[in-house]
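**Student:** Can you read through this structure? Questions will come right after.
Protein chains: 2
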Amino acid sequence: MSGPEGRGPELPDGVFRTDAETVDAHRLDRSGWVPEGRPFGVALAESVADVRAVLRYAHATGTPVVTRGAGTGLSGGAGATDGSIVLDVSRMNRITEISAVDQLAVVEPGVITADLDRAAGAYGLRYAPDPASVAISTIGGNIATNAGGLRCAKYGVTRDSVLALDVVLADGELISTGHRTVKDVTGYDLTGLFTGSEGTLGVVVGATVKLRPVPAATATVAAYFDDVASAAAAVNAISAAGLQPSVAELLDAATLAAVEEVTGPDPRRAGRAAGAFLLIQADGSAAEAEARQIHAVLAAHHAQVFTAGDDAEAARLLDVRRRALPALERRGRALIEDIAVPRSRLAEAVEEIQRIAKTHAVPVFTMAHAADGNLHPIIVVERATGTDSGTDSDSGGGAQGAPDGDLGANVWAAADAIFTMALGLGGTLTGEHGIGVLKRKWLADDLGERNLDLQRRLRAVFDPTGILNPGKAV
Amino acid sequence: MSGPEGRGPELPDGVFRTDAETVDAHRLDRSGWVPEGRPFGVALAESVADVRAVLRYAHATGTPVVTRGAGTGLSGGAGATDGSIVLDVSRMNRITEISAVDQLAVVEPGVITADLDRAAGAYGLRYAPDPASVAISTIGGNIATNAGGLRCAKYGVTRDSVLALDVVLADGELISTGHRTVKDVTGYDLTGLFTGSEGTLGVVVGATVKLRPVPAATATVAAYFDDVASAAAAVNAISAAGLQPSVAELLDAATLAAVEEVTGPDPRRAGRAAGAFLLIQADGSAAEAEARQIHAVLAAHHAQVFTAGDDAEAARLLDVRRRALPALERRGRALIEDIAVPRSRLAEAVEEIQRIAKTHAVPVFTMAHAADGNLHPIIVVERATGTDSGTDSDSGGGAQGAPDGDLGANVWAAADAIFTMALGLGGTLTGEHGIGVLKRKWLADDLGERNLDLQRRLRAVFDPTGILNPGKAV
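Residue numbers (my numbering), protein chains in the order written: chain A, 108 to 581; chain B, 108 to 581.
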């Protein structure tokens, strides 16, 4: 396809589509945000050369580019704005290399995260970051949002696993950042800067990521508490005891009730109140010893505690957490928020969320990566007619559907109160999903005007003409 | 002190010094690099207000500012260039807060790293990064260079422990980056960007850093090998076995010979060749079990292996490593290089360094953080008359002394060959010391022109008039 008047860079042959079906399949992510207007078309890139050609064209013509992987984002970052080229890199899905000695993989951006983890498994290694969407999201998308997940409690977020990147810049030029080395202080940390930049600084076309040995053992402990405060205190006591769980997931009472609406009451809690549920895993060669210590700490916090004796029992305990999001999605469209607070403020945050839900008469269910202080308050709203949930599993996906305008004022007021509360507790707007479009409104409150101004200038260094995901992130 | 013609911002009273003694005490770092000319004066900042006043003055007058902590840098980053204000923040040395629950500390930049670690100890916590200079270097300096250390093998570099920063910008305005939260994807990662930026983007006046529980136990294993290749293979086998040592230090034959010149032959190696020495520590509740596994792996690599039965024996094994730098400094001025390579290329790198030393007839001794692939090839040159070594302990300090011009052409040729070799192996110029002035020559070779150009533009966003540590880093 030619550029304007047949001159200048052209879109790569066989890659660019404008048919309604392809365009419709590439307009939304899983945030529920529906952009106004329609994209110009979709580029289904299969190579670095394709990406470079698309960027050269976009640069020459001033066309916005919205890069996407699997479109599983929850903040609207991959929503296709009017007149944009959607640059879909999901077909660039090769694992180029796995080095057992250097414990790293070199991958294309469209590799599904779980596929990488599985491939690493053949070498006794794994890719540690495990966003809930791991089975459907791509490494490129994980890098764009600096995705978190359950195992961050011990292994950190995506940024902690990215060593080096190949990035196509706004004008189509290709650069490399970082190295295959573990340590690297040569120049500014552009690798860290691109990670979490939501498609606004360049297009990641290759990544070198850390792999880690599969732990020798994993042990699972779960507990029911009378209230969230006890559960949060128990999590802090586990950390204070010098233990570092690999997973520490908290469900509040409302979420538990939604789960039990599906499963019936969990016989394990034997009629006691289900004020909070905590799922903890320890891994490594000391996993079992640590699980015993964790069990003791939880019991000392007046919980009903269960340590899994075998894999089947572990799976049954994990199931309570796994069923939470599907249980909420039965009730309506789930808007998944993503605040983070200092760990010491976790209980306060959950209790505040419960108060906010009451005040604004909005159902809010809270799940948290407790050891990180990362909370997902999930607001459930009525599903707009003619749309479906878009998720049927614990995929980390929010519901697609109606545009924001359809949400009631009370929903926005509740969201606003939640964000304001998080900032008030020394926390932040987003722990692992990104700003996208949905959180831009609160960005200056969080960062401060001068910080935000610096971020915008920094963005302009990488994208002077403003073609990379305009209207998103900072 | 007034600004030009008594108008505009002024330097803060009682803070700015121009006397020769103060100026001379603040001209150099420990790299050996001697800047031409003399600084304008030294500001001994005691508060954020002092730093802001200095920056406002510098901004108004276009005066370069060279920020320094303890001046222990090894790349010339804190060398005081002609006409500059040296901004010494070492008096800002308060630990503002230690939170046991959130496992973090809030500190001023002049806090000595070991002091923070000690203070954290009272809460059963520690500050993990431990550059060799830990007893004399400051947190601010560690942040400026993204310092590493021995324990990075398990706990990462300084950047992995920095959660949030307070930074005075080039025009004197104060911003905050990051949060007290473990997870944070709100905007670009400015915290990571400032970390390792060598005083070129702003002046860090406060930092929130992660603390970690003091490990339940630490176990120490050491081994002599016939050659470096066997030692490197053993390190890789340890990683492949899923073990993560907290320390993995390698000494090559030349370094061992220098140590034994002081101590006499180590009776432990019982007359066998000392081709390489490896010191390994494991920590955590499984430390002893891991040490047994490590012992077995080392023995399988034909090493003479010793596991410390008690603290005294551990100290004796650690002593071999601890004595290495002082032993080299007895022989002359030690120029400490700092390349990093993929771990799989460690043996090749050491062997190449030995070849380069022979080719250029320059004595080069190699110590390495082996699990990170981070090597310190140390070139020992004749000490210039009238200067002293500037170090008398394993402080991580290089020697102060003669300007670079006094180094022979063969020294530069050897250094050049070492850097070129590191890049050829997929490595980088510096793993933990920074670019400073001494490595700028090779920067474009490492990063590529376009990457370097982006870094320079990025720098200009933060420092449009070029007053922050001009001539250093990117």
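From the three backbone atoms N, C-alpha and C, an ideal C-beta is built for every residue, glycine too.
Please determine if the region 201-215 of chain A and the region 306-315 of chain A are in contact, where contact requires at least 3 C-beta pairs separated by less than 8 Å.
**Tutor:** yes
**Student:** With 8 Å as the limit, tell me which residues of the region 288-306 of chain B have their beta carbon closer than that to any beta carbon of chain A; keep them in chain order.
**Tutor:** Thr288, Val289, Lys290, Asp291, Val292, Thr293, Gly294, Tyr295, Asp296, Leu297, Gly299, Leu300, Thr302, Gly303 and Ser304
**Student:** What residues of chain B sit near Arg429/A, judged by a beta carbon separation below 9 Å?
**Tutor:** For this step, residue 429/A is matched to residue 322 along the first sequence. In chain order: nothing, as chain B lies at least about 21 Å away.
**Student:** Please report how far the alpha carbon of Lys261/B lies from the alpha carbon of Arg440/A, in whole angstroms.
**Tutor:** Taking the second sequence and counting its residues from 1, one reaches residue 261/B at position 154. Taking the first sequence and counting its residues from 1, one reaches residue 440/A at position 333. One C-alpha to the other measures close to 42 Å.
**Student:** Scan the region 386-453 of chain A and note each continuous beta strand (DSSP E) run of 3 residues or more that stays entirely inside, going in chain order.
**Tutor:** 411-414 and 440-443
**Student:** Return the bridge partner residues of Ile202/A from the DSSP annotation.
**Tutor:** For the purposes of this step, residue 202/A is taken as the residue at position 95 of the first sequence. In DSSP, Ile202/A forms a bridge with Val214/A.
**Student:** Which same chain residues, not among the five before or five after Gly582/A, have their C-beta less than 6 Å away from its C-beta?
**Tutor:** Any question about residue 582/A goes unanswered here, given that chain A covers just 108 to 581.
**Student:** Starting from the beta carbon of Gln210/B, find every residue of chain A whose beta carbon is closer than 9 Å, and list them in chain order.
**Tutor:** Reading the second sequence from its first residue, position 103 is the one you call residue 210/B. Near Gln210/B (Cβ distances below 9 Å), the residues of chain A are Ser346, Ala347 and Arg450.
**Student:** Expressed to the nearest angstrom, what Euclidean distance is found between the alpha-carbon atoms of Phe472/A and Ala361/A?
**Tutor:** For the purposes of this step, residue 472/A is identified with residue 365 of the first sequence, where counting begins at 1. For the purposes of this step, residue 361/A is identified with residue 254 of the first sequence, where counting begins at 1. Their Cα atoms are separated by approximately 6 Å.
**Student:** Between Ala338/B, Asn253/B and Glu395/B, which lies nearest to Arg452/B when the distance is taken from Cα to Cα?
**Tutor:** As a working note, residue 452/B is residue 345 in the second sequence. It is Ala338/B.
**Student:** What are the boundary residues of the beta strand (DSSP E) that Arg175/A is part of?
**Tutor:** By one-based count along the first sequence, residue 175/A stands at place 68. Its beta strand (DSSP E) spans residues Val172 to Arg175.
**Student:** To which residues of the same chain is Val457/A closer than 6 Å at the C-beta, ignoring the five residues directly before and after it?
**Tutor:** Your numbering for residue 457/A matches position 350 in the first sequence. So the list reads Val335, Asp359 and Thr473, once near-sequence residues are dropped.
**Student:** Specify, as a first and last residue, the run of the beta strand (DSSP E) that Tyr164/B falls within.
**Tutor:** Taking the first residue of the second sequence as position 1, residue 164/B is located at position 57. Tyr164/B -> not in any beta strand (DSSP E); alpha helix (DSSP H) instead, spanning Val155 to Thr168.
**Student:** In chain order, what residues of the region 247-264 of chain A put their CB closer than 9 Å to some CB of chain B?
**Tutor:** Thr252, Asn253, Ala254, Gly255, Cys259, Ala260, Gly263 and Val264
**Student:** Note down, one range per segment and in chain order, each alpha helix (DSSP H) of at least 4 residues found wholly within the region 252-276 of chain A.
**Tutor:** 259-262
**Student:** Are any of the Cβ atoms in chain B nearer than 8 Å to that of Asn481/A?
**Tutor:** Along the first sequence, read from residue 1 onward, the residue named residue 481/A stands at position 374. Taking Cβ atoms only, chain B reaches closer than 8 Å to Asn481/A, which makes this a yes.
**Student:** Compute the beta-carbon to beta-carbon distance between Val264/A and Ala254/A, rounded to the nearest angstrom, for a pair I have assumed lies under 8 Å.
**Tutor:** Taking the first residue of the first sequence as position 1, residue 264/A is located at position 157. Taking the first residue of the first sequence as position 1, residue 254/A is located at position 147. Right, their Cβ atoms sit about 7 Å apart.
**Student:** Grab the span of the beta strand (DSSP E) containing Asn481/A for me, first residue to last.
**Tutor:** Against the first sequence, residue 481/A aligns to sequence position 374. Segment Asn481 to Val488, the beta strand (DSSP E) holding Asn481/A.
**Student:** Just reading off the beta strand (DSSP E) that Ala314/B is part of, what are its end residues?
**Tutor:** By 1-based counting over the second sequence, the position of residue 314/B is 207. Its beta strand (DSSP E) spans residues Val310 to Lys317.
**Student:** With H, G and I counted as helix, E and B as strand and the rest as coil, what does DSSP make of Gly148/A?
**Tutor:** Walking along the first sequence from the start, residue 148/A turns up at place 41. In the structure shown, Gly148/A sits in a strand (DSSP, three-state: E or B).
**Student:** If you draw a straight line from the alpha carbon of Thr170/B to that of Ser353/A, how long is it in whole angstroms?
**Tutor:** Taking the second sequence and counting its residues from 1, one reaches residue 170/B at position 63. Taking the first sequence and counting its residues from 1, one reaches residue 353/A at position 246. If I take the Cα positions, the gap works out to 50 Å.
**Student:** Would you identify the three-state DSSP class for Gly378/B, choosing helix, strand or coil?
**Tutor:** Translated into positions along the second sequence, residue 378/B becomes position 271. In this structure, Gly378/B counts as coil in the three-state DSSP scheme.
**Student:** Going along the region 308-334 of chain A in order, which residues come within less than 9 Å of chain B, judged by CB to CB distance?
**Tutor:** Leu308, Arg319, Pro320, Val321, Pro322 and Ala323
**Student:** Assuming contact is defined by CB atoms lying nearer than 8 Å, are Arg159/A and Val292/A in contact in what I supplied?
**Tutor:** Residue 159/A sits at position 52 when you count from the first residue of the first sequence. Residue 292/A sits at position 185 when you count from the first residue of the first sequence. Their beta carbons are not under 8 Å apart, which means Arg159/A does not touch Val292/A by this criterion.
**Student:** So, is the C-beta of Asn558/A closer than 8 Å to a C-beta in chain B?
**Tutor:** Stepping through the first sequence from its first residue, residue 558/A is reached at position 451. By this cut-off, Asn558/A is an interface position.
**Student:** Give me the Cα-Cα distance between Asp209/A and Asp237/B, rounded to the nearest whole angstrom.
**Tutor:** Here the question's residue 209/A lines up with position 102 in the first sequence. Here the question's residue 237/B lines up with position 130 in the second sequence. If you draw a straight line from the Cα of Asp209/A to the Cα of Asp237/B, it is about 23 Å long.
**Student:** Closest Cβ-Cβ distance between Ala393/A and chain B: below 8 Å?
**Tutor:** Along the first sequence, one-based indexing puts residue 393/A at 286. Ala393/A counts as touching chain B.
**Student:** So Ala447/A contacts chain B; which residues on that side make the cut at Cβ distance below 8 Å?
**Tutor:** As a position in the first sequence, residue 447/A is number 340, starting the count at 1. Per Cβ cutoff of 8 Å: His286, Thr288, Val289, Lys290 and Asp291.
**Student:** When you compare each of Thr129/B, His476/B, Leu442/B and Leu435/B to Leu514/B by their alpha carbons, which one comes out closest?
**Tutor:** For the purposes of this step, residue 514/B is taken as residue 407 along the second sequence, with counting starting at 1. Among Thr129/B, His476/B, Leu442/B and Leu435/B, the Cα nearest to that of Leu514/B belongs to Leu442/B.
**Student:** Strictly under 8 Å for the Cβ-Cβ distance: is Gly505/B near chain A by that measure?
**Tutor:** Residue mapping note: residue 505/B aligns to position 398 of the second sequence, counting from 1. With a pLDDT of 39 at Gly505/B, under the threshold of 50, the modelled position of this residue cannot be trusted, and the question is left open.
**Student:** By the three-class DSSP mapping on this structure, what secondary structure does Asp195/B have?
**Tutor:** The sequence position of residue 195/B within the second sequence is 88, counting from 1. Of the three classes helix, strand and coil, the one that applies to Asp195/B here is strand, per DSSP.
**Student:** Does the beta-carbon of Lys317/B have 16 or more other beta-carbons within 10 angstroms, so that it is buried, or is it exposed?
**Tutor:** In the second sequence, residue 317/B corresponds to position 210, counting from 1. So Lys317/B ends up on the buried side.
**Student:** Once the 5 residues before and after Pro116/B are set aside, which same chain residues still bring their CB inside 6 Å of it?
**Tutor:** For the purposes of this step, residue 116/B is taken as the residue at position 9 of the second sequence. If we look at Pro116/B and ignore the five residues flanking it on each side, its Cβ neighbours are Gly110, Arg163, Tyr164 and Ala167.
**Student:** According to DSSP, Glu356/A sits in a beta bridge with which residue or residues?
**Tutor:** Within the first sequence, residue 356/A is the residue found at index 249, counting from 1. As DSSP reads the structure, Glu356/A sits in a beta bridge with Leu386/A and His476/A.
**Student:** Could you work out which residues of chain A lie near Asn343/B, taking near to mean beta carbons separated by less than 8 Å?
**Tutor:** On the second sequence, position 236 is the one that residue 343/B refers to. Val208, listed in chain order.
**Student:** At least one CB of chain D closer than 8 Å to the CB of Ala396/B: is that the case?
**Tutor:** The structure shown contains no chain D; the protein chains it does contain are A and B.
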